[in-house]
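Each remark here refers to the structure printed beneath this line.
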Amino acid sequence: MEVWVGLFVAAGFAALFMLAMKVSNMSTVSSGDGYEIFARFGNIGGLNVRSPVRASGVLVGRVSKINYDSRTFEAIVTLTIENQFNQFPTDTTASIFTAGLLGEQYVSLTPGAEDAVLKQGDTIMFSDSAMVLERIIGKIVTDKLSE
Amino acid sequence: MKTEATAVSANGRLDAIANAGRRAFVFLERTGRAGLFLLRVLQSIPAVLARPGLIVQQVFSVGVLTIVIVLVAGAFVGLVLGLQGYNVLVRFNSEASLGTFVGLTLVRELGPVVTALLFAGRAGSALTAELGLMKATEQFAGLEMMAVDPYKRVLAPRMLAGFISMPLLAAIFSAVGVLAGYFIGVGLLGVDAGAYWAQMQSAVDFDEDLMTGFWKSLAFGFAATWVALFEGYDAEPTAEGVGRATTRSVVSASLLVLGLNFVLTAFLLETDT
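Each protein sequence line maps, in turn, to chains H and C.
Everything in the first sequence is counted per the working numbering, starting at 1 for the first residue and increasing by one.
Everything in the second sequence is counted per the working numbering, starting at 148 for the first residue and increasing by one.
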């Protein structure tokens with residue numbers, strides 16, 4: 001009987017482990033240590049905390065905090081980048097893109113050409129705001145009307 | 148003659164009101180007793196922790212004996228989810244998201260809820276019948292006569308066993324369901340295996356989805372075991388009473404689980420973006 005109970009508990013934990021590693025994103029979540037850099041955006045669209053940060057499409061970190069600066073009227077997005085990706089030049093551009101037509105939004109980092117690299121607490125100099133669908137449609141409509 | 152008739156009908160109406168009042172009173176009384184019962188069982192749990200043998204014995208009868216039904220049910224639910232999901236998703240050319248669909252549905256909702264319903268049906272009814280029979284044959288009185296506290300010796304180990312078994316059973320259910328969905332989707336319908344796992348992994352969040360399901364299964368294990376134990380301990384000590392208690396145990400435990408599921412989902416689901 002004890003053997004059966006042991007087997008049951010082991011099977012339960014094996015199932016939990018399988019769910020954690022194989023089904024959920026546990027295995028892709030970084031160990032938590034990384035360095036933080038800041039980016040300012042005029043509009044972050046649908047970006048939220050835990051949104052991915054990608055460089056060349058590869059996941060390098062996640063959005064860890066979003067604040068609003070009431071002096072400059074901008075959003076300050078804190079990006080936590082994994083320590084192994086510590087070679088982004090200081091003139092890196094941060095842009096907010098959408099995965100697919102209606103997918104989730106993510107921050108894309110496009111490296112520049114400077115020799116100095118971004119470190120903990122640095123702010124990214126260049127940023128492109130999110131494309132808001134309504135604004136694009138509005139622009140197209142006004143362009144068509146003015147033709 | 149006429150006055151008599153009105154008196155009778157007025158009496159009948161009064162009877163109905165009195166009946167409803169009595170029923171409400173009985174319900175309140177039972178609920179109160181169930182609460183006090185739970186308190187006493189929880190108080191007895193520390194004393195049981197010193198005797199793990201009792202808990203192992205109950206985990207066997209509550210958890211191990213429920214595994215087979217959970218395995219079979221999980222496999223069939225996973226198969227159905229695979230078929231249904233594929234059927235809908237293929238219309239939008241997005242059958243690669245089948246993994247997301249199967250994974251999220253099982254981990255968040257169906258895993259804990261269906262397991263809890265099976266648990267109430269298989270383990271809960273057995274617990275109620277066992278305790279009811281113990282009561283009908285006056286075994287509790289016998290235990291007390293020998294200065295053995297039935298709460299510590301009989302009820303608390305069963306409560307703990309239900310609490311331990313439910314999350315493990317729910318995890319097994321979900322895992323088997325995901326594999327069954329894989330078998331249907333990838334094995335038979337030709338969904339890409341890499342896409343099945345990768346899309347599932349990118350959509351199922353450890354904290355928000357997996358832990359939500361885990362907390363739910365803990366709460367359901369607690370609720371279903373509580374109802375089963377109380378109905379058994381509170382059963383009328385006759386053959387008929389035990390039968391009624393068993394039925395009531397399954398019905399109220401299932402309804403409690405479904406109601407609790409709604410409340411917990413509303414609490415745990417982050418609806419804001």
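Heads up, the beta-carbon is just placed ideally off N, CA and C, and yes, glycines get one too.
About 7 Å separates the Cβ atoms of tyrosine 380 of chain C and leucine 302 of chain C, confirming a contact at the 8 Å cut-off. DSSP places serine 321 of chain C in the uninterrupted alpha helix (DSSP H) bounded by 303–329. Ranked by how close their Cα comes to the Cα of glutamate 383 of chain C, the residues C:Leu280, C:Leu407, C:Val261, C:Arg238 have C:Leu280 in first place. Counting C-beta pairs closer than 8 Å gives three or more between the region 249–267 of chain C and the region 320–333 of chain C, which meets the contact rule. For phenylalanine 41 of chain H, the uninterrupted beta strand (DSSP E) run begins and ends at 34–41, by DSSP.
Residue-level contact check: glutamate 82 of chain H does not touch chain C, since none of the beta carbons of chain C fall below 8 Å from its beta carbon.
For alanine 94 of chain H, DSSP records a beta bridge to H:Leu109, H:Ser127. The C-beta of threonine 142 of chain H has fewer than 16 other C-beta atoms within 10 Å across all chains shown, which makes the residue exposed. In the three-state reduction of the DSSP assignment, valine 351 of chain C falls in the coil class, being assigned neither a helical nor a strand state. Taking 8 Å as the threshold, the shortest C-beta distance from glycine 112 of chain H to chain C does not fall below it.
In this structure, C:Ser312 is the residue among C:Ser312, C:Ala386, C:Met358 with its C-alpha nearest to the C-alpha of phenylalanine 369 of chain C. Secondary structure note for leucine 228 of chain C: its alpha helix (DSSP H) is the uninterrupted segment 212–236.
Within its own chain, the residues whose Cβ lies closer than 7 Å to the Cβ of lysine 299 of chain C, once the five positions on either side in sequence are excluded, are Ser191, Ala194, Val195, listed in chain order. Taking 8 Å as the upper bound on Cβ-Cβ separation, chain C lies near no residue of the region 59–87 of chain H. Listed by position along chain H, the residues whose Cβ is nearer than 8 Å to that of valine 206 of chain C are Val5, Phe8, Val9. In terms of Cα proximity to alanine 273 of chain C, the closest of C:Leu357, C:Ala413, C:Leu405, C:Thr394 is C:Thr394. When beta bridges are read from the DSSP output, isoleucine 81 of chain H appears opposite H:Tyr35, H:Gly61. Taking a 10 Å sphere around the C-beta of glutamine 84 of chain H, we find fewer than 16 other C-beta atoms and assign the residue as exposed. When the beta-carbon positions are compared, glycine 360 of chain C and serine 321 of chain C come within less than 8 Å of each other. Exposure of arginine 180 of chain C is indicated by the presence of fewer than 16 other C-beta atoms within 10 angstroms of its C-beta. Residues of the region 359–370 of chain C with a C-beta atom less than 7 Å from some C-beta of chain H do not occur.
In the three-state reduction of the DSSP assignment, glutamate 277 of chain C falls in the helix class. By the CB criterion at 8 Å, isoleucine 96 of chain H and glycine 45 of chain H fall inside the cutoff.
Contacts between valine 203 of chain C and chain H, judged by CB atoms closer than 8 Å, involve Met1, Glu2, Val5 in chain order. Residue contact check for asparagine 25 of chain H against chain C: a CB pair falls below 8 Å. Valine 53 of chain H has H:Gly61, H:Val107 as its beta-bridge partners, per DSSP.
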